[in-house]
Amino acid sequence: AKKNGGSCFNYFTPALQEAALQRRSLIKELRSAIQTNQFVLHFQPIVEMVSGRIHKAEALVRWNHPERGILGPVEFIPVTEETGLIIELGEWIFKEAVRWTKCWTERRSGEFQVSINISPLQLKKEDHQKGNEWLAHLDEIGLSGTRVVLEITEGLLMGENAKIADKLRRYRAAGIQMAVDDFGTGYSSLSYLKKLDIDYLKIDKSFVSNLATDTNDRAISTAIIVMAHKVGLKVIAEGVETVEQRDFLIAAGCDYCQGYLYSRPVPPEQFERLLDQDVVN
Ligand code: C2E
Ligand code: CA
Ligand code: CA
Ligand code: CA
Numbered sequence: 435a436k437k438n439g440g441s442c443f444n445y446f447t448p449a450l451q452e453a454a455l456q457r458r459s460l461i462k463e464l465r466s467a468i469q470t471n472q473f474v475l476h477f478q479p480i481v482e483m484v485s486g487r488i489h490k491a492e493a494l495v496r497w498n499h500p501e502r503g504i505l506g507p508v509e510f511i512p513v514t515e516e517t518g519l520i521i522e523l524g525e526w527i528f529k530e531a532v533r534w535t536k537c538w539t540e541r542r543s544g545e546f547q548v549s550i551n552i553s554p555l556q557l558k559k560e561d562h563q564k565g566n567e568w569l570a571h572l573d574e575i576g577l578s579g580t581r582v583v584l585e586i587t588e589g590l591l592m593g594e595n596a597k598i599a600d601k602l603r604r605y606r607a608a609g610i611q612m613a614v615d616d617f618g619t620g621y622s623s624l625s626y627l628k629k630l631d632i633d634y635l636k637i638d639k640s641f642v643s644n645l646a647t648d649t650n651d652r653a654i655s656t657a658i659i660v661m662a663h664k665v666g667l668k669v670i671a672e673g674v675e676t677v678e679q680r681d682f683l684i685a686a687g688c689d690y691c692q693g694y695l696y697s698r699p700v701p702p703e704q705f706e707r708l709l710d711q712d713v714v715n
């Protein structure tokens, strides 16, 4: 600010002011969107590579905005994280995801599993009740924890946060599984894989998209799969769009994959039809 003549107010150029205003109105809109339930979950099948069967799905949130139509999470999740609104939205996402899962698990005689994206803030928050709300909720609707996978990011696992580790242990004790999302894009210390009980690594789509041509990405993906299997983890590749990518991943021994090749994330009614089809090859 000093450079601009010493006035702090020079920070706020009209463009920045405009952005600040827009952000404030977005926050306001988000608050009321949570209140009036303007969100929907879409589900993307996670396919077992060898059989082509749909064993799982990832729940992905969308905002059904009254004027702007369906908005993707990149347009609003960051703001909900900065403002803490993700706590409330995250509760809705969890409950909505497990509600559908209860229904689909019964359809598939117990085989189905849902993956839910969890923001770090949701796990960092102190439980304001004894016990845990998510576990209590699963109990209440009669869904086994084994039907739920929490997708968390590497960053969350890196810090020595005893409270988070403790929470994750409690979830695991209830049968809930853990997936490391966007694996390989964040901090790359692997020590946490040993310390924490993880079930799945998700290879980020940035490694998958160039598998047909990029020898480094092929080497990295293969190495992730080999390493994961050595320490007893299953691998899910995301962003699989082509037959070439799928064939490479099958040959490399990848366990599951998801991507536009099989299906985009779709509304629950549409997902149900995929589920009835059973195989999506
Ligand atoms: P993510 O967890 O890495 O989710 C995968 C993203 O890749 C999704 O985008 C999905 O639609 C997209 N995708 C799937 N297959 C393909 C493909 O073959 N090609 C391409 N190009 N993209 C594919 P989406 O739904 O826009 O979500 C973006 C991010 O927003 C997610 O990344 C996740 O970090 C976050 N997010 C989504 N839903 C939730 C949620 O319920 N809670 C939280 N906390 N975050 C969420
Ligand atoms: Ca994810
Ligand atoms: Ca991911
Ligand atoms: Ca990703």
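Sequential numbering from 435 applies to the sequence shown in the UniProt record's numbering. Built from N, CA and C at the ideal position, the CB exists for glycine as well. Keep in mind it's a predicted model, so treat the numbers as computed, not measured.
DSSP places D616 in the strand class (E or B) of the three-state scheme.
For Q704, the uninterrupted alpha helix (DSSP H) run begins and ends at 702-711, by DSSP. In the same chain as K536, and ignoring 5 residues on each side of it, the C-beta atoms closer than 6 Å to its own belong to I575, L577, in chain order. Shown here for I527: same chain residues with a beta carbon closer than 6 Å to its own, the five before and five after excluded, namely V495 in chain order. Counting along the chain, the unbroken alpha helix (DSSP H) around K558 starts and ends at 554-558. In this structure, P554 and T587 form a Cβ contact; the two beta carbons are roughly 7 Å apart against a cut-off of 8 Å. Under the DSSP definition of a beta bridge, V508 lacks any partner.
Counted as a single uninterrupted DSSP element, the beta strand (DSSP E) harbouring I637 occupies residues 634-637. Inclusion of K668 and D689 in the CB contact set at 7 Å is warranted, their separation being smaller than that value. With respect to the 7 Å criterion, I670 and Y696 are not classified as neighbours on the basis of their beta carbons. By the CB criterion at 7 Å, G579 and G609 fall inside the cutoff.
With fewer than 16 neighbouring CB atoms inside 10 Å of its own CB, A657 falls in the exposed class.
Here the alpha carbon of F473 sits roughly 26 Å from the alpha carbon of C691.
Exclusion of N471 from the 6 Å shell around ligand 1 follows from its C-beta lying no nearer than that to any non-hydrogen atom of the ligand. Between I468 and P479, the C-beta gap is not smaller than 7 Å, which leaves the two residues out of contact. Taking all protein chains shown into account, Q611 has 16 or more neighbouring C-beta atoms within 10 Å of its C-beta and is therefore buried.
A straight-line Cα-Cα distance of about 13 Å links R581 and K529. As a beta-bridge residue in DSSP terms, N498 pairs with I504. A straight line joining the alpha-carbon of P448 with that of V513 spans about 21 Å. Around the beta carbon of K629, fewer than 16 other beta carbons sit within 10 angstroms, so the residue counts as exposed. For E585, the Cβ falls inside the 6 Å cut-off from some heavy atom of ligand 2. For P448, no beta strand (DSSP E) segment is defined; the enclosing uninterrupted segment is the alpha helix (DSSP H) at 448-469.
Taking 7 Å as the cut-off, the Cβ atoms of A570 and I550 do not count as close. In this structure V677 is exposed. Its beta-carbon is surrounded by fewer than 16 other beta-carbon atoms within 10 angstroms.
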